[in-house]
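Notes follow once the structure below has been shown.
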Amino acid sequence: MNSAIGYFIGWSVLAYLLGAIPCGFVIARMKGVDIRTVGSGNIGATNVFRSVGKGWGILTFVCDALKGWIPAGLFPILSKRLFDYDGGPALAVACAALAIAGHNWPVYLGFKGGKGIATSLGALIGIAPAAASLGALCWIVLFVTTRYVSVASIAAAAVVVAAAWFPHYRQHGLLLPIVLSLLGAVAVWRHKTNIQRLLNGTEHRFQFRRKKEKQVQ
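Residue 98 in this note's numbering is what sits at position 117 of the sequence shown, and the numbering runs on without skipping anything.
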């Protein structure tokens, strides 16, 4: 096997294995909770935030984002310094995609994972920071105005796909726009149950403050 191909495959596999680490599951377990059995059953940051605690949810989000950023942004640099092989844009894009795939379908949990929004954000920061910024801004605006995490996430994915086709990215070839479009489609597809609940009017609306229980007099 050509050494370059070996390095490419090796870093790609490592990206998947890192992305597959179920941070939300591990963090919730530390608090004695099986996150798969509470709330929405999802192992992502939103369910940890709601079911375990705000601080633990934020920690999960940061860890999940790092799972995307490290492979996409750091692996090519490490490869260049350690093995004099950077793999070009293809390695960064492949590592980003496989890290997200790892989060969505983790080998450690029987390929049942999260929806990949935090990990996608981290990966985008590594390979397409401008698109990541636009997506994050869209997410914040819609989350604050609608209080639906799913609406904000789906819209942010659409914005990233649109941004991927800006001349800034297309001038370097079609690999990045195509991959970001596919990742955006996967992100929306992973929210199919949320979309159904939105249509049915049963989707959970995020509460910034817990309602105080009425005291029995």
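Each residue gets a CB set at the ideal place from its N, CA and C atoms; glycine is no exception. Note that this is a predicted model, so its numbers are computed, not measured.
Q: Along the alpha helix (DSSP H) that carries Phe42, what are the first and last residues, could you check?
A: Along the sequence shown, one-based indexing puts residue 42 at 61. In the DSSP assignment, Phe42 falls within the unbroken alpha helix (DSSP H) covering 35 to 50.
Q: Pick helix, strand or coil for Thr27, following the three-state DSSP scheme.
A: To locate residue 27, count along the sequence shown from 1; it is residue 46. Helix at Thr27.
Q) Apart from the five residues just before and just after Ala75, which ones in its own chain have a Cβ nearer than 6 angstroms to its Cβ? A) One-based indexing of the sequence shown puts residue 75 at position 94. Excluding residues within five positions, the ones whose Cβ falls inside 6 angstroms are Ser(-7).
Q: Give a yes or no on whether 8 angstroms exceeds the smallest Cβ distance from Ile176 to chain C.
A: Here chain C cannot be found, since the structure has a single protein chain.
Q: Drop a sphere of 10 angstroms on the beta-carbon of Tyr150, count the other beta-carbons inside from all chains shown, and report buried for 16 or more, exposed for fewer.
A: To locate residue 150, count along the sequence shown from 1; it is residue 169. Counting Cβ neighbours within 10 Å, Tyr150 comes out buried, since at least 16 surround it.
Q.
Spatial neighbours of Trp37 within its chain, please: C-beta separation below 6 angstroms, excluding the five flanking residues on both sides.
A. Walking along the sequence shown from the start, residue 37 turns up at place 56. Correct list, in chain order: Ile8, Val29.
Q. So which of Ile(-14), Gly(-13), Gln188, Leu(-5) has the shortest CA-CA distance to Pro87?
A. The residue labelled residue 87 in the question sits at position 106 within the sequence shown. Taking only the C-alpha atoms, the option nearest Pro87 is Leu(-5).
Q: Please go through the same chain and pick out, in chain order, the residues whose beta-carbon is closer than 8 angstroms to the beta-carbon of Leu115, but skip the five residues on each side of it.
A: The sequence position of residue 115 within the sequence shown is 134, counting from 1. Val140, Val141, Ala144, listed in sequence order.
Q: Answer yes if the segment 87 to 102 comes into contact with the segment 57 to 72, meaning at least three C-beta pairs across the two stretches below 8 angstroms, and no otherwise.
A: Segments in contact, no.
**Q.** Endpoints, alpha helix (DSSP H) assigned at Pro110
**A.** Within the sequence shown, numbered from 1, the residue matching residue 110 stands at position 129. Its alpha helix (DSSP H) spans residues 110 to 127.
(Q) Whether or not the segment 121 to 140 and the segment 164 to 182 are in contact is what I'm after, with contact meaning three or more pairs of Cβ atoms, one per stretch, closer than 8 angstroms; do they touch? (A) With the rule of 3 Cβ pairs closer than 8 angstroms, the segment 164 to 182 counts as touching the segment 121 to 140.
Q) Excluding the five sequence neighbours on either side, which residues of its own chain have a C-beta within less than 6 angstroms of the C-beta of Trp146, listed in chain order? A) On the sequence shown, position 165 is the one that residue 146 refers to. If the five residues before and after Trp146 are omitted, its C-beta is found closer than 6 angstroms to the C-beta atoms of Pro158, all from its own chain and listed in chain order.
Q: In the DSSP assignment, find the unbroken alpha helix (DSSP H) run with Tyr150 in it and report its ends.
A: Translated into positions along the sequence shown, residue 150 becomes position 169. Its alpha helix (DSSP H) spans residues 148 to 151.
Q: Work out the CA separation of Ala99 and Ile39 for me, nearest whole Å.
A: For the purposes of this step, residue 39 is taken as the residue at position 58 of the sequence shown. For the purposes of this step, residue 99 is taken as the residue at position 118 of the sequence shown. Near 11 angstroms, if we compare the C-alpha coordinates of Ala99 and Ile39.
Q: Quick one: grab the DSSP three-state call for Leu179.
A: Numbered from its first residue, the sequence shown carries residue 179 at position 198. Helix.
(Q) Rounded to whole angstroms, what is the Cα-Cα separation between Arg17 and Leu156? (A) For this step, residue 17 is matched to residue 36 along the sequence shown. For this step, residue 156 is matched to residue 175 along the sequence shown. Looking at the two C-alpha atoms, the distance is approximately 35 angstroms.
Q. So, helix, strand or coil for Ser199, using DSSP?
A. This structure cannot settle anything about residue 199, because the visible part of the chain is limited to -18 through 198.
Q) Are the beta-carbon atoms belonging to Val33 and Lys12 less than 8 angstroms from one another? A) As a first step, residue 33 is located in the sequence shown; it is residue number 52 there, counting from the start. As a first step, residue 12 is located in the sequence shown; it is residue number 31 there, counting from the start. Annotated as proximal: Val33 and Lys12, with beta-carbon spacing under 8 angstroms.
Q. So, helix, strand or coil for Asn85, using DSSP?
A. Locating residue 85 in the sequence shown gives position 104, counting from the first residue. Taken through DSSP and simplified to helix, strand or coil, Asn85 comes out as helix.
(Q) Less than 6 angstroms between C-beta atoms, sequence neighbours within five positions excluded: which residues of the same chain meet that for Gly54? (A) As a first step, residue 54 must be located in the sequence shown, where it is residue number 73. Gly107.
(Q) Among Gln188, Leu59, Val122, whose alpha-carbon lies nearest the alpha-carbon of Phe(-11)? (A) Mapped onto the sequence shown, residue -11 falls at position 8. Cα-wise, what sits closest to Phe(-11) is Leu59.
Q | Helix, strand or coil at Val140 according to DSSP, with G and I counted as helix | A | Locating residue 140 in the sequence shown gives position 159, counting from the first residue. DSSP, reduced to helix, strand and coil, places Val140 within a helical segment of the structure shown.
Q) Is Gly22 helix, strand or coil when you go by DSSP? A) Stepping through the sequence shown from its first residue, residue 22 is reached at position 41. In the structure shown, Gly22 adopts coil according to DSSP, grouped into three states.
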